[in-house]
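Engineer: Position 456 of the sequence shown, counted from 1, bears residue number 456 in full-length UniProt numbering, the numbering being contiguous throughout. Yeah, the Cβ is synthetic: ideal placement off N, Cα and C, and Gly gets one too.
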Amino acid sequence: MSKMSLIPAFDMPNNGKCKTCMLTKITRQPFKYVVRECKVLDLIHSDICDFHATPSLGNKKYVVTFIDDASRYCYVYLLHSKDDALDKFKIYKQQVELHKNELIEVLCTDIGGEYYDPVYFESTGIIHQTTSPYTPQQNGVAERKNKTLKETLNSLLSYSELSEGLWGEAMLTACYILNKTPNKRSKNTPYELWCKKVPNLSYLKVWGCRVVVRLTEPKRKTLGERLIESRDAIFDEERFTSIPRPRNMIHQSSSKSATQAEDVSGGASFVPKTRKSTRARIAKSFGSDFQLYLVEGMRNETISQHQYCFNIEEDPKTFSEAMASRDVHFWKEAIHDEIDSIMHNNTWVLAYLPPGCKALGCKWILKRKMKVDGTIDKYKARLVIQGFRQKEGIDFFDTYAPVAIISTIRLLLALAAIHNLVIHQMDVKTAFLNGDLDEEIYMKQPEGFVLPGNGHKVCKLKKSLYGLKQGPKQWHRKFDDVV
1 MSKMSLIPAF
11 DMPNNGKCKT
21 CMLTKITRQP
31 FKYVVRECKV
41 LDLIHSDICD
51 FHATPSLGNK
61 KYVVTFIDDA
71 SRYCYVYLLH
81 SKDDALDKFK
91 IYKQQVELHK
101 NELIEVLCTD
111 IGGEYYDPVY
121 FESTGIIHQT
131 TSPYTPQQNG
141 VAERKNKTLK
151 ETLNSLLSYS
161 ELSEGLWGEA
171 MLTACYILNK
181 TPNKRSKNTP
191 YELWCKKVPN
201 LSYLKVWGCR
211 VVVRLTEPKR
221 KTLGERLIES
231 RDAIFDEERF
241 TSIPRPRNMI
251 HQSSSKSATQ
261 AEDVSGGASF
271 VPKTRKSTRA
281 RIAKSFGSDF
291 QLYLVEGMRN
301 ETISQHQYCF
311 NIEEDPKTFS
321 EAMASRDVHF
331 WKEAIHDEID
341 SIMHNNTWVL
351 AYLPPGCKAL
361 GCKWILKRKM
371 KVDGTIDKYK
381 ARLVIQGFRQ
391 KEGIDFFDTY
401 APVAIISTIR
411 LLLALAAIHN
421 LVIHQMDVKT
431 AFLNGDLDEE
441 IYMKQPEGFV
451 LPGNGHKVCK
461 LKKSLYGLKQ
471 GPKQWHRKFD
481 DVV
């Protein structure tokens, strides 16, 4: 404007840059496309994707991906928590380095603390590169892969009309498919660059379709998270079966909205009688050695002639049944969580059973906690003592436990709404284990946790357990004293 004589002339600074403009008009630097010349395992991209809102069948809430930069071949692992990411990388490192006979040189992740272990990376010689804060574009390979996996996952669930709880199985299938399909970057598939051979896609079936599987008796091989492996299967790729909803979620049509008609003369309504067949309905059967499942997907190239199918089994009724079930890993985790809580609270000490005393038995109660859509929320184990064998006046005295009246709760909620107060809700995990016992009670050691060399001893309870007659009272007294 000065050169055009629109404003008076003035002296410009030597550098020709305005500090105020630099402070107020700074923009982000562009991300240029980077061309890297590298071979397999030179550079690995990794990122964690959060599915916290909807746990998978195995109660997994996160996904971690490991992508080779040269071939873009991807590995996917389901995680319970973000802390498991480094452990999965160690498994991935050992597997691919042994398979490819090469060493991983660089691992590129975001700046999150999941991989923070300088000692490990220094000992292995791997360079751990991290992105700048709030700059996911620097880890674009992993971020783009997460987006593609999510899109494929949603397509699988939408087309098959299956529950969101099956996102874990859909994610593994999506990764398997994408590894064997070409992309814009290269005409060759990631599988071909990784394994040096053309992939075989002739055995793929529609994910989520119905399948009839022949079971070989008496042997029945099971794998992994509720999977059945069978070579003998008949696929119906035109039919899909969603997981049945819980009975309390099935919509019942109101009788009032059923074809009611109003009598013109008298104004009274009537419901016409419907004809109902008296023929007994019999479910279609393929024989005693056949069962119906949902196709879950393929796992790897070596099982091209084997199909994996989805099935749900009942809750185990005993400890031994849980240890023999397909979900033994999840039952073990739930049982160990319960034992850890018991040991942390110093619930009992091992002692000799005094003469004239009898030790109460105990039992493991194992339940799958389901969500409203029929998917598994979590696996829960509870050690319950056989309190029904207690004798009043000897093993317990008072059993009362004050309970809040619903009208009192409503009154408090109304006061909070009127005065615009904030309401906090809390829950105490394994609440009854906090109650102190006044009586002397002995219990047999729980199944699966009998200490070697101490099988003749019993548990002398110091704290209450679920199942004790005085458990609710002792917990309330402890909570009242603390508060």
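For S160 and D315, what's the separation of their Cα atoms in angstroms?
Structural biologist: Working through the sequence shown from its first residue, we reach residue 160 at position 160. Working through the sequence shown from its first residue, we reach residue 315 at position 315. If I take the Cα positions, the gap works out to 27 Å.
Engineer: CB K469 to CB G387, shorter than 8 Å?
Structural biologist: The count along the sequence shown starts at 1 and reaches residue 469 at position 469. The count along the sequence shown starts at 1 and reaches residue 387 at position 387. Yes; because the gap between Cβ atoms is below 8 Å, this pair is in contact.
Engineer: Among all the DSSP beta bridges, which residues are the ones paired with E238?
Structural biologist: The residue given as residue 238 occupies position 238 in the sequence shown. Answer is none; E238 lacks a bridge partner.
Engineer: Report the three-state DSSP secondary structure of L413 (helix, strand or coil).
Structural biologist: The residue given as residue 413 occupies position 413 in the sequence shown. Here L413 sits in helix by DSSP.
Engineer: By Cβ distance, which residues of its chain are closer than 6 Å to D110, with the 5 residues on each side in sequence left out?
Structural biologist: Counted from its first residue, the sequence shown places residue 110 at position 110. Hits under 6 Å: T131 and N139.
Engineer: Give me, in chain order, the residues of the same chain whose beta-carbon lies closer than 6 Å to that of L465; leave out the 5 immediate sequence neighbours on both sides.
Structural biologist: By 1-based counting over the sequence shown, the position of residue 465 is 465. Same-chain partners within the cutoff: I385.
Engineer: Name the DSSP beta bridge partners of H45, please?
Structural biologist: Position 45 of the sequence shown, counted from the first residue, corresponds to residue 45. DSSP, once it has assigned bridges, lists I67 and C108 as partnering H45.
Engineer: Of the choices K358, I365, C18 and K93, whose alpha-carbon is the least far from that of K391?
Structural biologist: Counting from one through the sequence shown, the residue named residue 391 turns up at place 391. Closest by alpha carbon: K358.
Engineer: Taking its Cβ as the centre, do 16 or more other Cβ atoms sit within 10 Å of A174, making it buried, or is it exposed?
Structural biologist: As a position in the sequence shown, residue 174 is number 174, starting the count at 1. The residue is buried, with at least 16 neighbouring Cβ atoms inside 10 Å.
Engineer: Could you pull out every residue in the same chain whose Cβ sits closer than 8 Å to the Cβ of W167, ignoring the five residues on either side in sequence?
Structural biologist: Position 167 of the sequence shown, counted from the start, is the residue given in the question as residue 167. Answer for W167: F51, T54, S56, L153 and L157, listed in chain order.
Engineer: How many angstroms separate the CA atom of P136 from the CA atom of E143?
Structural biologist: Reading the sequence shown from its first residue, position 136 is the one you call residue 136. Reading the sequence shown from its first residue, position 143 is the one you call residue 143. Going from the Cα of P136 to the Cα of E143 covers about 7 Å.
Engineer: Determine whether the beta carbon atoms of L107 and I126 lie at a separation below 8 Å.
Structural biologist: Stepping through the sequence shown from its first residue, residue 107 is reached at position 107. Stepping through the sequence shown from its first residue, residue 126 is reached at position 126. Against a cut-off of 8 Å, the Cβ pair of I126 and L107 comes out as a contact.
Engineer: Are the CB atoms of K147 and I67 nearer to each other than 8 Å?
Structural biologist: By 1-based counting over the sequence shown, the position of residue 147 is 147. By 1-based counting over the sequence shown, the position of residue 67 is 67. No, the pair does not count as a contact, with Cβ atoms beyond the cut-off.
Engineer: State the DSSP-derived secondary structure class of L201, mapped to helix, strand or coil.
Structural biologist: Translated into the one-based positions of the sequence shown, residue 201 becomes position 201. Note: L201 maps to coil in three-state DSSP.
Engineer: Could you check how far apart the C-beta atoms of P446 and A401 are, in whole angstroms? I think they sit under 8 Å.
Structural biologist: What you label residue 446 is simply residue 446 of the sequence shown in a count that begins at 1. What you label residue 401 is simply residue 401 of the sequence shown in a count that begins at 1. At roughly 25 Å, the Cβ-Cβ gap does not stay under 8 Å, so P446 and A401 are not in contact.
Engineer: What is the DSSP secondary structure of I441, counted as helix, strand or coil?
Structural biologist: As a position in the sequence shown, residue 441 is number 441, starting the count at 1. Three-state result, I441: coil.
Engineer: Just to check my reading of the structure: C38 and D69 have Cβ atoms closer than 8 Å, yes? What is that Cβ distance to the nearest angstrom?
Structural biologist: The sequence position of residue 38 within the sequence shown is 38, counting from 1. The sequence position of residue 69 within the sequence shown is 69, counting from 1. At roughly 6 Å, the Cβ-Cβ gap stays under 8 Å, so C38 and D69 are in contact.
Engineer: Look at the alpha carbon of D11 and the alpha carbon of K3, and state the distance between them as a whole number of angstroms.
Structural biologist: Locating residue 11 in the sequence shown gives position 11, where the first residue counts as 1. Locating residue 3 in the sequence shown gives position 3, where the first residue counts as 1. Distance between the alpha carbons of D11 and K3: 12 Å.
Engineer: With DSSP collapsed to three states, give me the class of Y191.
Structural biologist: For the purposes of this step, residue 191 is taken as the residue at position 191 of the sequence shown. Three-state result, Y191: helix.
Engineer: Please go through the region 331-372 and give each complete beta strand (DSSP E) segment of 3 or more residues, from N-terminal end onward.
Structural biologist: Listed in chain order, the complete beta strand (DSSP E) runs (minimum 3 residues) inside the region 331-372 are 348-351 and 362-370.
Engineer: Tell me where the alpha helix (DSSP H) around Q386 begins and ends.
Structural biologist: One-based indexing of the sequence shown puts residue 386 at position 386. From DSSP, Q386 is part of no alpha helix (DSSP H); its letter is neither H nor E.
Engineer: Spatial neighbours of Y77 within its chain, please: CB distance less than 6 Å, with the 5 preceding and 5 following residues excluded, ordered by chain position.
Structural biologist: As a working note, residue 77 is residue 77 in the sequence shown. The residues are V64 and K88.
Engineer: According to the neighbour-count rule (16 or more other Cβ atoms, all chains shown, within 10 Å of its Cβ), is H45 buried or exposed?
Structural biologist: Working through the sequence shown from its first residue, we reach residue 45 at position 45. The residue is buried, with at least 16 neighbouring Cβ atoms inside 10 Å.
Engineer: Mark Q474 as exposed unless 16 or more other C-beta atoms lie within 10 angstroms of its C-beta, in which case mark it buried.
Structural biologist: For the purposes of this step, residue 474 is taken as the residue at position 474 of the sequence shown. So Q474 counts as buried.
Engineer: If we ignore side chains and look at the alpha-carbon of each, how far apart do W207 and E102 end up?
Structural biologist: By 1-based counting over the sequence shown, the position of residue 207 is 207. By 1-based counting over the sequence shown, the position of residue 102 is 102. Near 34 Å, if we compare the C-alpha coordinates of E102 and W207.
Engineer: At the level of alpha carbons, what is the spacing between H366 and E97?
Structural biologist: As a position in the sequence shown, residue 366 is number 366, starting the count at 1. As a position in the sequence shown, residue 97 is number 97, starting the count at 1. Residue 366 is actually Leu in this sequence, not His. Whole-angstrom Cα-Cα distance: 40 Å.
Engineer: With DSSP run on the structure shown, which of helix, strand or coil describes I91?
Structural biologist: Position 91 of the sequence shown, counted from the first residue, corresponds to residue 91. Note: I91 maps to helix in three-state DSSP.
Engineer: For L451, is the classification buried or exposed, using 16 other Cβ atoms within 10 angstroms of its Cβ as the cut-off for buried?
Structural biologist: By 1-based counting over the sequence shown, the position of residue 451 is 451. With fewer than 16 Cβ atoms within 10 Å of its Cβ, L451 is classed as exposed.
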